[in-house]
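*Asks:* When you read off a place in the sequence shown, starting at 1, and then add 71, the result is the number in this note's numbering.
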Amino acid sequence: MKNATYFDDLKEELQKQAELNRAAFGDMDDESRVQYEGFRPGMYIRVEIGSLPCEFVTNFDAHYPIILGGLGSSEGNLGYLQMRLKKHRWYERILKTKDPLIFSLGWRRFQTIPLFHMEDHNGRHRLLKYTPQHMHCGASIWGEALLLCAKQSSTHH
Numbered sequence: 072m073k074n075a076t077y078f079d080d081l082k083e084e085l086q087k088q089a090e091l092n093r094a095a096f097g098d099m100d101d102e103s104r105v106q107y108e109g110f111r112p113g114m115y116i117r118v119e120i121g122s123l124p125c126e127f128v129t130n131f132d133a134h135y136p137i138i139l140g141g142l143g144s145s146e147g148n149l150g151y152l153q154m155r156l157k158k159h160r161w162y163e164r165i166l167k168t169k170d171p172l173i174f175s176l177g178w179r180r181f182q183t184i185p186l187f188h189m190e191d192h193n194g195r196h197r198l199l200k201y202t203p204q205h206m207h208c209g210a211s212i213w214g215e216a217l218l219l220c221a222k223q224s225s226t227h228h
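#1: Under DSSP, the alpha helix (DSSP H) around L85 begins and ends at which residues?
#2: Mind checking who H188 pairs with in its DSSP beta bridge?
#3: Between A89 and I165, what straight-line distance do the alpha-carbon atoms span, to the nearest angstrom?
#4: Between the beta-carbon of F171 and the beta-carbon of I212, is there less than 7 Å?
#5: Cutting at 8 Å between CB atoms, please list the residues of its own chain near H207, excluding the five before and the five after it.
#6: Suppose you measure from the CA of M63 to the CA of R160; what does that come to, to the nearest Å?
#7: So for T129, helix, strand or coil by DSSP?
#8: Could you work out which residue in E84, K87, G214, I137 is closest to L152 when comparing CA atoms only?
#9: Closest by CA to H205, which one among E163, D80, N74?
#10: According to DSSP, simplified to helix, strand and coil, what is I120?
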């Protein structure tokens, strides 16, 4: 492959590893195989939850899936974040520095107080009172470190 990208190389490496796993663990029973390589996609696991409210059991409907989730160890870290944003054209008012905003990024939703800024030609960040019309600007907020990895999303009033 002459024009292979990093993603192509990674996919090829994962495919080779999957073939090695099939060859090495193919004749083992599922219980032993899970101990070596973990649960494969499509396998079922049993989850026991202690102190579940009785309303959950009485109102349970098997037609609707239950999604279990959790936070990684680094996802609860708080810190200052810098982002680039633009006020949505459907929101009538302009956004003002130090007014509380609710951000929605993926399944995360939180309230914070942004400081809007623009970068000058010399690299300085000048504080803005309001967001500029029809332009992007920078914002500094206090939030969870997980957001550093998330794609930027529009703000909600």
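Every residue, glycine too, gets a C-beta built ideally from N, C-alpha and C.
These numbers come from a predicted model, not from an experiment.
*Replies:* Walking through what the data contain:
#1: First-last of the alpha helix (DSSP H) with L85: 77-96.
#2: H188 is bridged by DSSP to L198, G209.
#3: So the two alpha carbons sit approximately 53 Å from each other.
#4: One point to set straight first is that residue 171 is Pro, not Phe, in the sequence displayed. Judged by their CB atoms, P171 and I212 are not nearer to each other than the 7 Å cut-off.
#5: Excluding positions up to five away in sequence, the list reads R155, L156, K157.
#6: Residue 63 is absent from the structure shown; the chain starts at 72 and stops at 228.
#7: Correct three-state label for T129: helix.
#8: If we check each option's Cα against that of L152, G214 comes out closest.
#9: Minimum Cα distance to H205 is reached at E163.
#10: I120 falls in the coil class under three-state DSSP.
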